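Q: Residue numbers for the sequence shown follow the UniProt record's numbering, beginning at 1 and rising by one.
No residue lacks a Cβ here, since even glycine has one placed at the ideal position from N, Cα and C.
Here the structure is a predicted model, which is why all the values come from computation and not from measurement.
Sending over a structure as structure tokens; questions will come in a sec.
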Amino acid sequence: MPTPPLVRPLTADDVPVVVEFSLRAWAPVFASFRAVLGEPVYEALFPEWRTAQAKAVEDVCREERTAVWVADVGDRAVGFVGVRVADGEIHMLAVDPEHQRRGIGTALTGYAVERLRAAGVLLAVVGTGGDPGHAAARATYEKAGFTPFPQVQYYKRLDR
């Protein structure tokens, strides 16, 4: 069984590493979005997904309302979780693809849940996609005891 990762607070030096592995981690998710949505809708929703996602991760890492922790393996951050304690929300989580399926997402989810519990939060929430690209995320959250609530969102291009 692998050694559990060290989970620690994010530092400013971690941000470029977190952005880089997050983009690699989410590349299959955006490919899944493209397959599910079709090219016209995908292009409208995610014209420059890498740029937008890099900014979203950087923003989460730097905003005051989000507590961010990283999971280290060796001396390198290989996963991160952003938690909005006031909202009771696990807002963002990613694990470097080279380190996936080793319990790091589970460890980060558990750590986030414990931080929420310690803050007095009574109901934690996490959102993720229902597409095939998010199957591992859904499994991680369900393994951690989260109950899924099915929701459907529809898109239609109106300029074509």
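Touching or not, the stretch 88–105 and the stretch 40–49, by the rule of three or more beta carbon pairs under 8 Å?
A: Contact between the stretch 88–105 and the stretch 40–49 is absent, because fewer than three Cβ pairs lie under 8 Å.
Q: For the alpha helix (DSSP H) containing residue 20, name the first residue and the last one.
A: From DSSP, the alpha helix (DSSP H) with residue 20 extends over 15–37.
Q: Assign residue 122 to one of three DSSP states: helix, strand, or coil.
A: Reduced to three states, the DSSP call for residue 122 is coil.
Q: Where does residue 9 fall in DSSP's three states?
A: Reduced to three states, the DSSP call for residue 9 is strand.
Q: To which residues does DSSP link residue 104 through a beta bridge?
A: DSSP output for residue 104 lists no bridge partner at all.
Q: Can you give me the C-alpha to C-alpha distance between residue 139 and residue 9, rounded to a whole angstrom?
A: Going by the C-alpha atoms only, they are around 25 Å apart.
Q: Excluding the 5 residues flanking residue 144 on each side, which residues of the same chain have their C-beta closer than 6 Å to its C-beta?
A: Answer for residue 144: 109, listed in chain order.
Q: If you drop the 5 nearest sequence neighbours on each side, which residues of the same chain put their C-beta closer than 7 Å to that of residue 107?
A: Contacts found: 4, 5, 7 and 71.
Q: For the beta strand (DSSP E) containing residue 89, list its first residue and its last residue.
A: 89–95 is the extent of the beta strand (DSSP E) around residue 89.
Q: Cutting at 8 Å between CB atoms, please list the residues of its own chain near residue 62, excluding the five before and the five after it.
A: Only 15 meet the Cβ criterion.
Q: With distance defined between alpha-carbon atoms, name the residue in 78, 132 and 141 nearest to residue 32.
A: Of the candidates 78, 132 and 141, the one whose C-alpha sits nearest the C-alpha of residue 32 is 132.
Q: Counting C-beta neighbours from all protein chains within 10 Å, is the total for residue 66 16 or more, i.e. buried, or is it exposed?
A: So residue 66 counts as buried.
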